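The structure under discussion appears below in the form of structure tokens.
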Amino acid sequence: MRSLSGRTVDLLIIGGGIIGAGIARDAALRGLSVALVEQEDFASGTTSRPTRLIHGGLRYLELFDFALVRSDMREREILLRIAPHLVFPLPFLLPLYRPSLWYQAKLRIGMQLYDILSLDKSLPKRRWLGREETLAAEPALDPDGLQGAWRFYDAQVPLVERLVIENVVDAATHGALVLNHARANSYLRDGDRVGGAVVLDRMAGVELALRGRLTVNATGPWLDRTIAPLRSGAKPLLRLTKGIHLVTPRATQQAHVLFARRDDRLFFVVPWLDASIVGTTDTDFDGDPAAAAATEEDVRYLREEARRAFPNAPFDEIFFTWAGVRALVREEGVSEGEVSRKHALYDHQRRDGVAGVVSVVGGKITAYRAIAEEVTDLAARKLGRDQRASTAEAMLPGADGSRARAIAALAAGDPSLATPLCPHHHGVAAEIVHAVRHEWALTIGDALLRRTALGLAPCQGLDCVDAVAELMGRLLGWDAERRAREIAAYCREVEPMRRFSVK
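Shown next, in the form of structure tokens:
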């Protein structure tokens, strides 16, 4: 924090989810001076609670949102190219059960459109599988009434948290100042102009004025709360909806797109790591996004619908759940599922008479790079800079194996760091050391949930939390009392995800 005292950056970004991290990377690669601040940890909010797919969105075809699907298809190709270590092709099955002729025709047209809107894709084209071929590909499917399935391809980002971290790492490598656990408490005002923010380092208890020529609010579902001081009495910008997921033992061999019988909503059952993800729901939400959690009704809905498709799959056993709050552009008079997933940029000088600040409203993970480019284009124009984006071509860190080599070198130098920490995951101590030294891991949750996959194992890292606290304590100077506090804090962090844990 001391390095920021008295400095003015071109771009101050508030919010360290995927959108904020993407903006920081894009701007830093263009040579802008950048500061990124996040009140908790990078990727600790909605970003870490999705279905973990990079996709065009079949359901958006039903809304005739062809431009959104086409844009997302382009972004899917870019992410497959620039992050091959994080984003992977994923085949899907869309099973059909005694459909009407109209329903069959609608799906066939939808599949054709999905291919047409991604003519430049590297992934295989759709293909119809008959009943026997479908059951051979996925024996867990209910065979009663099954006609066959469409096979098509999208992509998966199993560790979306790492996608955020690699964007932050690249931003920092190109000169950005990045701060997690640093909350923007208030805006710095000079009349009708915002000139930065007062930022509290929550770890050190130090508060500093951080000045920026332009401030970008990328706080996701917290936007209406964080921008309220600049918009007295104005209507909310967001419509918030909650989506929850179940994480269960591996239930299927394939990824599936399904339609709920109760309400015809689309949902997924997707292989993920050594488990399965079942989700998502879509219900209006009006509370604190940090308090969002699965309810009994949420869990019952997903379980019942998944069981109908896969009667013998192990959905009775739940490792954990997660709940995220979507920040959607506010629309009145439509249901949750019909709200557009398009994003919007909100220039407060034009809308509220307050210069020097721009907000990002809405957006999704698939489109994060394009949204970041759009925001940075606007920032560059406002700052009188003409550098062009390079993020569609520049590989993300780690794509060349550099992170893996660095961790291997740590383990080679100290064999004790090569020992797996948890009986449920292959992660080793060297990963924790690397996360603390090079990736701003300041808490156990930072290390287990957002730098490594140890916290995504069935035990969520609880079986190795003592060992991790001991290791991080040596690196960060924690005494016994501090280690105990950090362990307790981690247990509180994962407790909402484990309320429905059944083994």
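Residue numbers for the sequence shown follow numbering that gives the first Met the number 0, so the first one is 0 and each next one is one higher. Yeah, the Cβ is synthetic: ideal placement off N, Cα and C, and Gly gets one too. Given the structure is predicted, the values throughout are model-derived calculations rather than measurements.
Take the alpha-carbon of residue 453 and the one of residue 461: they are about 9 angstroms apart. Put simply, the backbone Cα of residue 371 is about 10 angstroms away from that of residue 378. Shortest Cα-Cα distance from residue 192 to any of 283, 94, 357, 499 involves 357. Remark: C-beta atoms of residue 304 and residue 260 approach each other more closely than 8 angstroms. In this chain, the beta strand (DSSP E) harbouring residue 421 covers 419-421. For residue 216, the secondary structure class from DSSP, reduced to helix, strand or coil, is strand. Taken in chain order, the whole beta strand (DSSP E) runs of length 3 or more contained in the stretch 356-422 are 356-360, 419-421. Residue 11 places its beta carbon 8 angstroms or farther from that of residue 190. Between residue 38 and residue 137, the gap from beta carbon to beta carbon reaches 8 angstroms or more. By the neighbour-count criterion, in which a residue is buried when 16 or more other Cβ atoms sit within 10 angstroms of its Cβ, residue 234 is exposed. Beta-bridge partners assigned by DSSP to residue 241: 282, 324. DSSP lists 53, 88 as the beta-bridge partner residues of residue 154. Per DSSP, the beta-bridge partners of residue 427 are 419. Residue 238 is not a Cβ neighbour of residue 132, given a cutoff of 8 angstroms. In this structure, residue 382 sits near residue 213, with a CB-CB distance shorter than 8 angstroms.
By the criterion of a C-beta distance shorter than 6 angstroms, residue 395 is surrounded in its chain by 81, 82, 165, once the five residues flanking it on both sides are discounted. Taking C-beta atoms under 8 angstroms as the contact rule, residue 319 and residue 497 qualify, at a distance of about 5 angstroms.
Look at residue 255 here: in three-state DSSP terms it is strand.
Here the C-alpha atom of residue 490 lies approximately 18 angstroms from the C-alpha atom of residue 422. For residue 185, there is no enclosing alpha helix (DSSP H); the enclosing beta strand (DSSP E) covers residues 181-189.
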